[in-house]
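Data first, discussion second: the structure below is written as structure tokens.
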Amino acid sequence: DPAVNDADHWATAEVLAATVQKLGDYDLVLAGRQSVDWDMGVVGSTVAEILGIPIVTIAKQIDYAGDKVTVERVLLDGFETVEAPTPCVVTVSNELGEPRYPQLRQIMQAAKKEVKAWTLADLGISAPQNRVNIEALYVPDTSVETEVIEGETAQEKAATLAQRLSDAKLI
Numbered sequence: 601d602p603a604v605n606d607a608d609h610w611a612t613a614e615v616l617a618a619t620v621q622k623l624g625d626y627d628l629v630l631a632g633r634q635s636v637d638w639d640m641g642v643v644g645s646t647v648a649e650i651l652g653i654p655i656v657t658i659a660k661q662i663d664y665a666g667d668k669v670t671v672e673r674v675l676l677d678g679f680e681t682v683e684a685p686t687p688c689v690v691t692v693s694n695e696l697g698e699p700r701y702p703q704l705r706q707i708m709q710a711a712k713k714e715v716k717a718w719t720l721a722d723l724g725i726s727a728p729q730n731r732v733n734i735e736a737l738y739v740p741d742t743s744v745e746t747e748v749i750e751g752e753t754a755q756e757k758a759a760t761l762a763q764r765l766s767d768a769k770l771i
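Here it is in structure tokens:
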């Protein structure tokens, strides 16, 4: 729907949650780790919040067993295995499996299938309002100026530092 072309993460999640609800009975909602637009990585979590269901993030492996999922998650320093009741949302990492490429016959069959497209009205919602207002987008200056404080003793250096901080009205 063109009304959500410039949607922020919250508005996007509202539309996706309404879509999940329209689909009806569900056990597992899969979402990507993050998007390529603003790279915030919060749409999946926001969908779970709106639906009022658990979320497991950055999955490397998912085992589905009807009333629960067992998920191996990616951490900064390794992995952890967690369980969550269904229905739930699981965001997946790029470590989750290799893509299966379809055979030519499957591609031809898929080309003949109708793609469902719903408007916001079909979902029973109006255009959600963005909750994020971007005032400016820029790359911050990361250069750092350093200065070595000279002195014969630690006390001299500390006194010089204190004087400079006081002169700069920082203390």
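Quick note on our numbering: the sequence shown kicks off at 601 and runs consecutively. Where is the CB? At the ideal position from N, CA and C, for every residue including glycine.
- Message: Checking 9 Å against the spacing of the C-beta atoms, do residue 692 and residue 630 come in under that value?
- Response: Here residue 692 corresponds to residue number 92 of the sequence shown, with the count starting at 1. Here residue 630 corresponds to residue number 30 of the sequence shown, with the count starting at 1. Yes, the pair counts as a contact, with Cβ atoms nearer than the cut-off.
- Message: Suppose only complete runs of 4+ residues qualify. What are the alpha helix (DSSP H) ranges in the region 680 to 730, listed by chain order?
- Response: 704 to 712, 720 to 723
- Please list the segments of the alpha helix (DSSP H) lying wholly inside the region 631 to 655, counting only runs of 4 or more residues, in order along the chain. 643 to 651
- Task: For the alpha helix (DSSP H) containing residue 675, list its first residue and its last residue.
- Result: For the purposes of this step, residue 675 is taken as residue 75 along the sequence shown, with counting starting at 1. Residue 675 -> not in any alpha helix (DSSP H); beta strand (DSSP E) instead, spanning 668 to 675.
- Query: Would you report the Cα separation of residue 765 and residue 746, rounded to the nearest angstrom?
  - Reply: Locating residue 765 in the sequence shown gives position 165, counting from the first residue. Locating residue 746 in the sequence shown gives position 146, counting from the first residue. Answer to the nearest angstrom: the Cα atoms are 14 Å apart.
- When DSSP builds the beta bridges, which residues end up paired with residue 624? Locating residue 624 in the sequence shown gives position 24, counting from the first residue. BP columns for residue 624 are empty, so no partner.
- Query: Near residue 655, which residues of its chain fall below 6 Å by C-beta distance, leaving aside the five closest residues on each side in sequence?
  - Reply: Here the question's residue 655 lines up with position 55 in the sequence shown. 645, 648, 689, listed in sequence order.
- Task: Mark residue 702 as exposed unless 16 or more other C-beta atoms lie within 10 angstroms of its C-beta, in which case mark it buried.
- Result: Against the sequence shown, residue 702 aligns to sequence position 102. The residue is exposed, with fewer than 16 neighbouring Cβ atoms inside 10 Å.
- Message: Does residue 735 pass the burial test, meaning 16 or more other C-beta atoms within 10 Å, or should it be called exposed?
- Response: If you number the sequence shown from 1, residue 735 lands on position 135. Exposed is the call here.
- Message: Rounding to the nearest angstrom, what Cα-Cα distance links residue 767 and residue 760 in this structure?
- Response: Stepping through the sequence shown from its first residue, residue 767 is reached at position 167. Stepping through the sequence shown from its first residue, residue 760 is reached at position 160. Here the alpha carbon of residue 767 sits roughly 10 Å from the alpha carbon of residue 760.
- Query: What's the gap between the Cα of residue 748 and the Cα of residue 769?
  - Reply: Mapped onto the sequence shown, residue 748 falls at position 148. Mapped onto the sequence shown, residue 769 falls at position 169. About 19 Å.
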